[in-house]
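The structure appears right after this line, and notes come after that.
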Amino acid sequence: MAIALIATILGPDAGNVGWIILAMVIGGAIGIRLAKKVEMTEMPELVAILHSFVGLAAVLVGFNSYLQHETGMEQILVNIHLTEVFLGIFIGAVTFTGSVVAFGKLRGKISSRPLMLPNRHKLNLAALVVSFILMVILFALTAPAPQVLCLLVMTAIALAFGWHLVASIGGADMPVVVSMLNSYSGWAAAAAGFMLSNDLLIVTGALVGSSGAILSYIMCKAMNRSFISVIAGGFGTDGSSSGGDEEVGEHREISAEETAEMLKNSHSVIITPGYGMAVAQAQYPVAEITEKLRARGIKYALVFIRWPGACRGI
Numbered sequence: 001m002a003i004a005l006i007a008t009i010l011g012p013d014a015g016n017v018g019w020i021i022l023a024m025v026i027g028g029a030i031g032i033r034l035a036k037k038v039e040m041t042e043m044p045e046l047v048a049i050l051h052s053f054v055g056l057a058a059v060l061v062g063f064n065s066y067l068q069h070e071t072g073m074e075q076i077l078v079n080i081h082l083t084e085v086f087l088g089i090f091i092g093a094v095t096f097t098g099s100v101v102a103f104g105k106l107r108g109k110i111s112s113r114p115l116m117l118p119n120r121h122k123l124n125l126a127a128l129v130v131s132f133i134l135m136v137i138l139f140a141l142t143a144p145a146p147q148v149l150c151l152l153v154m155t156a157i158a159l160a161f162g163w164h165l166v167a168s169i170g171g172a173d174m175p176v177v178v179s180m181l182n183s184y185s186g187w188a189a190a191a192a193g194f195m196l197s198n199d200l201l202i203v204t205g206a207l208v209g210s211s212g213a214i215l216s217y218i219m220c221k222a223m224n225r226s227f228i229s230v231i232a233g234g235f236g237t238d239g240s241s242s243g244g245d246e247e248v249g250e251h252r253e254i255s256a257e258e259t260a261e262m263l264k265n266s267h268s269v270i271i272t273p274g275y276g277m278a279v280a281q282a283q284y285p286v287a288e289i290t291e292k293l294r295a296r297g298i299k300y301a302l303v304f305i306r307w308p309g310a311c312r313g314i
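Quick note on numbering: my numbering labels position 259 of the sequence shown as 259, and the sequence is numbered without any gaps.
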């Protein structure tokens with residue numbers, strides 16, 4: 001991505017390179033400062049907000065590409081260019097607001113409960129249908145003013161769609177959402193690569209987009225979630241998880257004292273940390289417990305059931 005950025009800045013059509021480098025230095029300094037202040041347990045929040053910046057950048061690149069398109073092109077080339085602009089802005093806008101909502105839920109600024117609007121799935125479907133109709137209308141228009149209005153209306157719909165899509169997903173599924181937003185940001189970057197005629201940006205964006213989608217699918221399988229259900233805001237399940245709410249086996253409450261006594265008398269222990277452990281910053285007590293188990297000669301094992309990479313880092 002850095003190579004693609006440098007190639008774009010130093011390309012034949014680049015201008016105001018000094019201002020661009022100055023903006024990069026300022027942005028890089030701010031990013032480094034913020035990243036150093038972030039705890040390891042807050043990494044998902046940082047990743048989510050960074051995805052929002054990628055989406056916003058794709059929206060800005062899309063509008064800039066439309067305003068600077070060449071005149072006198074054949075109609076087929078004009079339609080291809082408008083398709084690139086439309087998809088880039090749409091994906092970027094969805095990624096932007098979706099990532100902001102994901103950041104808010106992970107940060108605790110927004111309730112982790114899923115937003116249950118009446119006919120929410122029909123609203124999502126209507127947003128997609130209206131956006132497609134606007135794209136068809138965009139091809140039919142020739143005057144710049146109506147085309148810009150069409151793009152602005154689509155952008156507003158995409159922003160609302162991204163917000164509603166992620167707001168409809170519960171906090172327990174936010175790790176998958178962040179991974180899916182990573183995929184969206186990759187496709188947004190690929191669309192920006194088409195608009196900038198940057199092959200490397202297209203390739204890197206496609207790699208990020210496809211790998212993010214695959215990772216999201218793997219995470220859903222590991223979490224016993226339906227992939228379509230999660231990315232569609234609980235489509236077909238009325239917002240509940242696909243694993244079902246039925247209790248299996250006996251439910252028995254236990255106190256901390258009883259837990260400690262069981263650990264002391266055990267021969268082997270399996271610890272299955274998840275994302276909730278990271279949010280609660282319980283990794284430190286868990287580490288102390290494992291040290292005490294080891295000192296008593298008790299065998300233990302760690303089995304990561306969700307978000308393996310992040311849990312290993314934590």
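Glycine included, every Cβ here is placed at the ideal spot set by N, Cα and C.
Can you give me the C-alpha to C-alpha distance between Gly244 and Ser226, rounded to a whole angstrom? For Gly244, the pLDDT reaches just 45, beneath the cut-off of 50, and the residue's location in the model is therefore unreliable, although a value from the coordinates is still provided. Distance between the alpha carbons of Gly244 and Ser226 is about 11 Å.
Roughly how many angstroms lie between the CA atoms of Ala256 and Met195, to the nearest whole one? Going by the C-alpha atoms only, they are around 59 Å apart.
Mapping the DSSP letters down to three states, classify Lys37 as helix, strand or coil. Of the three classes helix, strand and coil, the one that applies to Lys37 here is helix, per DSSP.
Run the CB neighbour count on Asp199, radius 10 Å, all protein chains shown included, and call it buried at 16 or more, exposed below. So Asp199 ends up on the exposed side.
Would you kindly work out how many angstroms separate the C-alpha atoms of Pro118 and Val101, rounded to a whole number? The alpha-carbon atoms of Pro118 and Val101 are separated by roughly 20 Å.
Cβ-based neighbour list, Val166, same chain, cut-off 7 Å, excluding 5 preceding and 5 following: The answer, listed in chain order, is Gly98, Val101, Ala102 and Val177.
Which residue from Cys150, Tyr284, Ile270 and Val38 puts its Cα closest to that of Ala301? In this structure, Ile270 is the residue among Cys150, Tyr284, Ile270 and Val38 with its C-alpha nearest to the C-alpha of Ala301.
Going by the DSSP bridge assignment, what does Lys299 pair with across the sheet? According to DSSP, which records beta bridges pairwise, Lys299 is partnered with Ser268.
Looking at C-beta atoms only, is the number of pairs between the stretch 121-135 and the stretch 149-159 that lie closer than 8 Å three or more? The answer is yes - the stretch 149-159 touches the stretch 121-135, with three or more Cβ pairs under 8 Å.
On a Cα-Cα basis, can you pick out the residue from Gly92, Ala35 and Leu201 that is closest to Ala7? Nearest to Ala7 by alpha-carbon distance, out of Gly92, Ala35 and Leu201, is Leu201.
Based on Cα-Cα distance, which residue from Leu67, Phe161, Met40 and Val94 lies nearest to Leu149? Nearest to Leu149 by C-alpha distance, out of Leu67, Phe161, Met40 and Val94, is Leu67.
Less than 6 Å between the CB of Ala282 and some heavy atom of the ligand ZN, yes or no? Of the ligands one can find in the structure shown there are none, so the ligand ZN has no counterpart to examine.
First through last residue of the alpha helix (DSSP H) which encompasses Met43: Run containing Met43: Met43 to Leu67, per the alpha helix (DSSP H) assignment.
Continuous alpha helix (DSSP H) assignments of at least 4 residues falling wholly in the stretch 129-199: Counting only runs of 4 or more, we get 144-167 and 174-196.
Could you check the C-alpha separation between Ser111 and Leu125 for me, to the nearest Å? Straight across, the Cα-Cα distance linking Ser111 with Leu125 is about 24 Å.
Return helix, strand or coil for Ser112, following the three-state DSSP convention. Three-state result, Ser112: coil.
Can you tell which of Val17, Ala213 and Ala191 has its C-alpha closest to the C-alpha of Val203? Among Val17, Ala213 and Ala191, the Cα nearest to that of Val203 belongs to Ala191.
So Gly186 packs on Gly205, CB below 8 Å; how close in whole Å? Between Gly205 and Gly186 the Cβ distance is about 5 Å, and since that is below 8 Å, they are a contact.
Could you please give the first and the last residue of the uninterrupted alpha helix (DSSP H) stretch that includes Asn79? The continuous alpha helix (DSSP H) containing Asn79 extends over residues Gln75 to Arg107.
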